[in-house]
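> Protein chains in written order, with UniProt numbering: chain A, 1 to 515; chain B, 1 to 515.
Each residue gets a CB set at the ideal place from its N, CA and C atoms; glycine is no exception.
Number of protein chains: 2
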Amino acid sequence: MSAINHEERVRHEGLREKIMTAEQAATFISHDMNVGMSGFTGAGYPKAIPAALAERMKAAQARGEEFKIGLLTGASTAAECDGVLAEANGIKMRTPYQSEAALRKQINAGETHYFDMHLSHVAQQSTFGFYGDMHVAVVEVAGILPDGRLIPSTSIGTNNAWLNNADKIILEVNSRQSLLLEGMHDIFDDIGVPPYRKPIPITTPGERVGSPYLTCDLDKVVAVVLTDSPDRNSKFADPDECSNKIASYIIDFFHEEVKKGRMPANLLPIQSGVGNVANAVLAGLQASPFENLTGYTEVLQDGMLDLIMSGKMTQASATAMSLSPDALDRFNANIEELRKRIILRPQEITNHPEVSRRLGVLAINAMIECDLYGNVNSTHVMGTNMMNGLGGSGDFARNAFTSMFVSPSVAKGGAISCITPMVSHVDHTEHDVMVIVTEQGLADLRGLSPRQRAQKIIDNCAHPDYRPMLQDYYDRAAQTAGMQTPHILSEALSWHQRYVETGDMRVKKGLALAV
Amino acid sequence: MSAINHEERVRHEGLREKIMTAEQAATFISHDMNVGMSGFTGAGYPKAIPAALAERMKAAQARGEEFKIGLLTGASTAAECDGVLAEANGIKMRTPYQSEAALRKQINAGETHYFDMHLSHVAQQSTFGFYGDMHVAVVEVAGILPDGRLIPSTSIGTNNAWLNNADKIILEVNSRQSLLLEGMHDIFDDIGVPPYRKPIPITTPGERVGSPYLTCDLDKVVAVVLTDSPDRNSKFADPDECSNKIASYIIDFFHEEVKKGRMPANLLPIQSGVGNVANAVLAGLQASPFENLTGYTEVLQDGMLDLIMSGKMTQASATAMSLSPDALDRFNANIEELRKRIILRPQEITNHPEVSRRLGVLAINAMIECDLYGNVNSTHVMGTNMMNGLGGSGDFARNAFTSMFVSPSVAKGGAISCITPMVSHVDHTEHDVMVIVTEQGLADLRGLSPRQRAQKIIDNCAHPDYRPMLQDYYDRAAQTAGMQTPHILSEALSWHQRYVETGDMRVKKGLALAV
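1. Would B:G374 and B:I419 be called neighbours here (beta carbons separated by less than 8 Å)?
2. Compare the C-beta of A:P353 against all C-beta atoms of chain B and say whether one is closer than 8 Å.
3. For B:S310, does the count of other Cβ atoms within 10 angstroms reach 16, so buried, or fall short, so exposed?
4. To which residues of the same chain is residue 578 of chain B closer than 6 Å at the C-beta, ignoring the five residues directly before and after it?
5. Is DSSP giving A:E501 helix, strand or coil here?
6. Distance, Cα to Cα, A:A514 vs A:E491?
7. Would the segment 149-159 of chain A count as touching the segment 37-46 of chain A if we require 3 or more Cβ pairs under 8 Å?
8. Which residue from B:V221, B:G503, B:A478 puts its Cα closest to that of B:A411?
9. On a CA-only basis, which of A:P421, A:Q124, A:N89, A:D427 is nearest A:P468? Give me that one, please.
10. By how many angstroms is the C-alpha of B:D302 removed from the C-alpha of B:L344?
11. For B:V410, decide whether its Cβ has a neighbour in chain A, counting only Cβ atoms nearer than 8 Å.
12. Going along chain A in order, which residues have a C-beta closer than 8 Å to the C-beta of B:P199?
13. Using a Cβ cut-off of 8 Å, pull out every chain A residue sitting near B:L493, in sequence order please.
14. Report the three-state DSSP secondary structure of A:D147 (helix, strand or coil).
15. When the distance is taken between beta carbons, is B:Y249 closer than 8 Å to B:G482?
16. Would you mind telling me which residues of chain B sit closer than 8 Å to A:Y114, beta carbon to beta carbon, in chain order?
17. Please state whether DSSP places A:A123 in a helix, a strand or coil.
18. Less than 6 Å between C-beta atoms, sequence neighbours within five positions excluded: which residues of the same chain meet that for A:V84?
19. Could you tell me the distance, in whole angstroms, from the CA atom of A:M1 to the CA atom of A:A88?
20. Apart from the five residues just before and just after B:T215, which ones in its own chain have a Cβ nearer than 6 Å to its Cβ?
21. Beta carbons nearer than 7 Å to chain A: which residues of the segment 236-261 of chain B have them?
22. How about B:Y131: is its C-beta nearer than 8 Å to some C-beta of chain A?
23. According to DSSP, which residues form a beta bridge with A:P346?
24. Please return the same chain residues whose Cβ sits closer than 6 Å to the Cβ of A:D239, not counting the five positions on each side in sequence.
25. For B:G273, count neighbouring C-beta atoms within 10 Å of its own C-beta (all shown protein chains included) and say buried if the count is 16 or more, exposed if not.
26. For B:H198, count neighbouring Cβ atoms within 10 angstroms of its own Cβ and tell me buried if that reaches 16, exposed if not.
27. Exposed or buried, which one is B:G64 when buried takes at least 16 other CB atoms within 10 Å?
28. Using 8 Å for Cβ pairs, my map puts A:G391 next to A:A75. What's the rounded Cβ distance?
29. Could you tell me whether the Cβ of A:M1 comes closer than 8 Å to any Cβ of chain B?
30. Just confirm the distance between the C-beta atoms of A:I335 and A:S175, as a whole number of angstroms; I'd bet it's less than 8 Å.
31. Using a C-beta to C-beta distance shorter than 8 Å, which residues of chain B count as neighbours of A:M481?
32. So, using beta-carbon positions, are B:R341 and B:A320 closer together than 8 Å?
33. Compute the Euclidean distance between the alpha carbons of B:D395 and B:P269, then round it to the nearest angstrom.
34. Which residue's Cα is closest to the Cα of B:R56: B:N34, B:A478, B:A223, B:E23?
35. My guess is that B:H113 and B:M134 are in contact by the Cβ rule of under 8 Å, so how many angstroms apart are they, rounded?
36. Let me see if you follow: with CB-CB separation under 8 Å, is B:N165 close to chain E or not?
Take a look at the structure:
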């Protein structure tokens with residue numbers, strides 16, 4: 001337990017009396033409980049309780065007792081949260097998103113039930129009890145005001161709902177998070193109960209409609225734990241040639257759309273998934289002539305911070321910050337100024353279909369693979385193993401003014417084609433995918449029938465190694481009876497099957513193309 | 001050309017001068033044009049122009065000239081519209097929905113490019129030119145006021161957008177439609193241009209926020225054609241035992257949800273797809289103790305009309321009426337009273353994610369098949385042939401408070417299982433499907449991992465003939481490495497393949513289960 005700063009950070013008298021160690025606080029959590037933790041893309045997750053809880057789990061298991069919880073968060077956390085709990089084999093059910101190696105292994109081994117869902121739905125469906133009761137909330141905050149209002153941390157996620165819904169609340173007060181975050185958040189979640197709901201009043205990405213503070217019933221707070229640990233800091237790879245090509249096609253596309261009068265000269269609010277390719281697109285916008293950009297997205301990462309700091313982007317709305325160590329330093333050094341341009345909201349609002357459809361976001365999200373007809377797989381490796389989860393991609397793609405999915409055309413040194421005859425899992429249907437981009441080029445699928453889409457994807461997006469194989473599949477499929485979406489059912493998933501069996505989707509020389 | 005009623009129906013002097021025959025009016029349409037026609041589920045489609053246009057097409061083709069158009073509507077039309085144009089092989093591109101046999105044949109033969117899309121997107125994407133220019137609008141109306149405002153017909157669909165976007169307008173004034181429809185419509189479409197849009201102000205299904213009339217630039221009207229023909233009138237089958245069982249499970253589910261406090265005693269606004277099963281559910285509600293129901297749906301069909309007429313349902317919002325001949329008589333006999341409870345809106349508004357998410361609709365839609373993991377196919381027969389299209393099912397399922405998909409557990413006398421290992425096409429992903437219902441039972445999938453879903457769907461929804469086959473597939477798949485979504489890739493689509501080859505998904509006696 002760190003003693004530093006707790007006078008400054010925990011300014012409510014009654015809550016100060018509840019300060020205890022993580023080990024003590026973890027005793028409020030027992031087997032079979034549903035626990036709602038803070039955390040979104042490695043930002044603002046609890047740093048101490050999960051490890052203490054994992055020790056309790058291991059001790060119980062050593063005594064021959066079961067100790068597993070249902071774990072709900074905003075999105076992904078880190079090794080100190082999902083990781084330690086998974087290693088203790090303590091997660092029975094997990095939702096809505098994860099990206100941690102140990103947990104992924106548990107999920108794919110069938111040890112953990114993972115329920116993969118749209119991030120915009122988490123608060124509503126949990127509040128209405130679709131996932132059972134919420135027993136304990138564990139929420140990281142930057143500080144507690146004298147009246148008990150909470151200064152949120154580097155992510156909001158679903159914290160507001162966990163605080164409202166849980167029977168008991170444990171607060172982690174992390175003195176490593178800047179107190180200058182105060183005022184950056186906008187907690188609006190009073191959207192009512194159906195069918196008596198009012199419109200969400202946001203009409204620009206930067207509009208503030210709520211309070212900068214989280215609140216809760218202070219009587220429910222059973223423990224306050226002091227921590228002093230940084231968020232997971234992932235360094236992004238510098239944009240490589242592949243990412244830069246993808247970025248350049250997207251920026252060319254934006255230029256064309258502006259020229260056609262479909263969007264204003266400063267574009268529409270940008271939503272960008274997390275990752276190296278997304279970061280390269282944002283870096284490409286930095287070098288572009290576009291000015292006065294706005295962002296309405298889920299996660300603020302390095303590239304978007306740079307756009308804001310350079311003045312290229314005037315407003316950005318997100319629910320979390322996922323910054324590299326360098327970017328975090330820049331952020332902290334300029335936080336007073338950045339507070340005027342960055343807003344952190346609950347994920348129910350950042351990802352809400354009402355707002356993204358209204359604003360008309362430009363959605364750019366990564367994919368694992370897409371097929372000839374524009375169906376996209378964002379989650380599964382070879383149809384059966386979970387990678388991370390859907391995240392907010394569906395919230396945005398469905399409601400975007402333009403929805404784009406991006407990926408290098410091949411993976412694993414060319415052994416996997418990211419364009420396949422049929423995807424092995426569908427997260428975004430042909431109806432929700434407007435544009436596909438790889439380093440080979442861009443395929444604008446809007447208004448095209450499946451057959452027209454297939455030819456465009458083969459020509460513009462497939463890797464040259466796989467283009468003849470795709471063309472061959474498509475040509476033979478188009479000989480069959482059903483010409484809306486030509487497929488050879490016995491062969492549609494054979495590329496994945498071949499990869500599982502041989503480690504390569506390509507047919508070895510001397511073998512026939514067909515299975 | 002019918003002379004009846006045209007004094008009463010066309011009350012604008014200038015437009016009266018533009019009255020001409022359908023043959024004359026059809027000359028405004030030529031090869032390669034995009035034509036936006038009215039029509040939604042066989043209601044309010046043009047009755048005369050399509051046939052006249054088809055004759056022009058056939059004459060041109062007889063001269064060796066090409067004559068094909070891009071045809072956009074609200075949704076499905078009828079034999080006199082899609083049918084005659086398809087039979088003339090005159091449709092190059094079709095969107096967003098169809099259900100006509102001749103057109104379906106053209107699509108599946110590869111003669112027509114069919115672009116299947118969410119109905120809520122049609123107006124926006126067409127207005128912004130995603131599908132090219134709109135050359136001619138052909139819109140059926142019930143009458144024209146002295147100042148040129150238009151009394152809409154039995155559907156609104158995307159008529160408001162066609163009238164705004166088209167270079168030229170042809171109006172069909174159909175004296176068979178009741179003039180008492182005047183006042184039943186609510187044309188609100190001033191939702192602005194992104195990113196400068198305001199909230200859609202609808203907060204209850206029955207709220208009127210626009211005008212009862214369509215308007216257009218009268219200078220763009222090149223022709224007025226008088227018609228006197230009924231809409232396509234489909235008789236619904238009387239609910240059978242299978243439909244009644246499905247309805248009873250859904251009503252039990254609603255009771256449970258009310259008991260759990262998840263929705264009020266008068267339920268949430270009901271959205272129901274079109275068809276016999278949906279109609280049976282509505283009939284089931286008629287017999288249930290629920291009172292003061294509301295509807296926020298796409299199409300008002302017999303069952304919903306009965307709920308309104310009996311007083312069980314107080315408000316219903318839709319974009320079209322699709323009534324059997326008997327129900328139409330009841331409707332017309334009571335239209336003055338019904339006008340207080342029924343509102344017809346543009347499909348962009350009935351299907352808008354903003355409104356359905358806000359109100360929290362209970363979405364009940366039919367499916368062709370679903371798989372072990374809750375992915376739903378609404379459109380494709382054996383993966384390659386188009387049935388009708390997606391319609392509004394995705395608009396509603398994604399944003400519903402509870403999304404349900406219903407089907408008998410088998411089709412074709414048992415030769416097809418509507419629960420399959422993997423669906424042959426995905427229209428609604430596992431993330432958008434909360435409840436599956438067949439005559440065998442109901443599977444509530446909320447909060448369940450894919451493996452949990454599989455067992456529940458097998459146990460509750462599969463037909464006994466197929467239950468052991470599904471269990472066998474699942475058990476063997478669960479031996480593979482990827483336990484998030486167990487599949488045997490080489491076998492996942494084998495049931496469909498077997499049906500194509502043998503006409504039966506069941507394995508014949510004496511053959512092994514595996515392919």
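In short, the structure shows the following:
1. No, they are not a contact pair.
2. At least one beta carbon of chain B lies nearer than 8 Å to the beta carbon of A:P353.
3. exposed
4. Because chain B is modelled from 1 through 515, residue 578 of chain B falls outside the range shown and cannot be assessed.
5. helix
6. Here the model assigns A:A514 a pLDDT of 45, short of 50, so the residue's position is not dependable, and the following value carries that caveat. Between the alpha carbons of A:A514 and A:E491 lies a gap of roughly 7 Å.
7. yes
8. The shortest C-alpha to C-alpha distance from B:A411 to any of B:V221, B:G503, B:A478 is the one to B:G503.
9. A:P421
10. 15 Å
11. no
12. Simply P199, I200, P201, T203, E354, R358.
13. L489, S490, A492, L493
14. DSSP places A:D147 in coil when its eight states are reduced to three.
15. No.
16. Close partners of A:Y114 in chain B (Cβ separation under 8 Å): S449, Q484.
17. helix
18. P50, A51, A54
19. Interpretation of A:M1 is limited by its pLDDT of 42, a score under 50 that renders its predicted location unreliable; the figure taken from the coordinates is listed afterwards. Taking the straight line joining both Cα atoms gives about 22 Å.
20. R149
21. Of all residues in the segment 236-261 of chain B, only K260 come within less than 7 Å of chain A when Cβ atoms are compared, listed by chain position.
22. Yes, B:Y131 lies at the interface with chain A (some Cβ there is under 8 Å from its Cβ).
23. Beta-bridge pairing links A:P346 to A:G157.
24. Checking the sequence, you will find Pro at residue 239 of chain A rather than Asp. Only A280, A283 meet the Cβ criterion.
25. So B:G273 ends up on the buried side.
26. The sequence shown places Lys at residue 198 of chain B, rather than the His named in the question. Per the 10 Å Cβ criterion, exposed.
27. exposed
28. About 6 Å separates the beta carbons of A:G391 and A:A75, which is inside the 8 Å limit, making them a contact pair.
29. Note on A:M1: pLDDT 42, under 50, position unreliable in the model; the coordinate value appears next. Chain B contact via Cβ: absent.
30. That pair is no contact at about 16 Å.
31. Correcting the residue identity first, residue 481 of chain A is Ala in this sequence and not Met. What A:A481 touches in chain B: N108, T384, N385.
32. Between B:R341 and B:A320, the gap from beta carbon to beta carbon reaches 8 Å or more.
33. Distance between the alpha carbons of B:D395 and B:P269: 15 Å.
34. B:E23
35. With 8 Å as the limit, B:H113 and B:M134 do not qualify as a contact, their Cβ atoms being about 17 Å apart.
36. As a matter of chain content, chain E is missing from the structure shown, whose protein chains are A and B.
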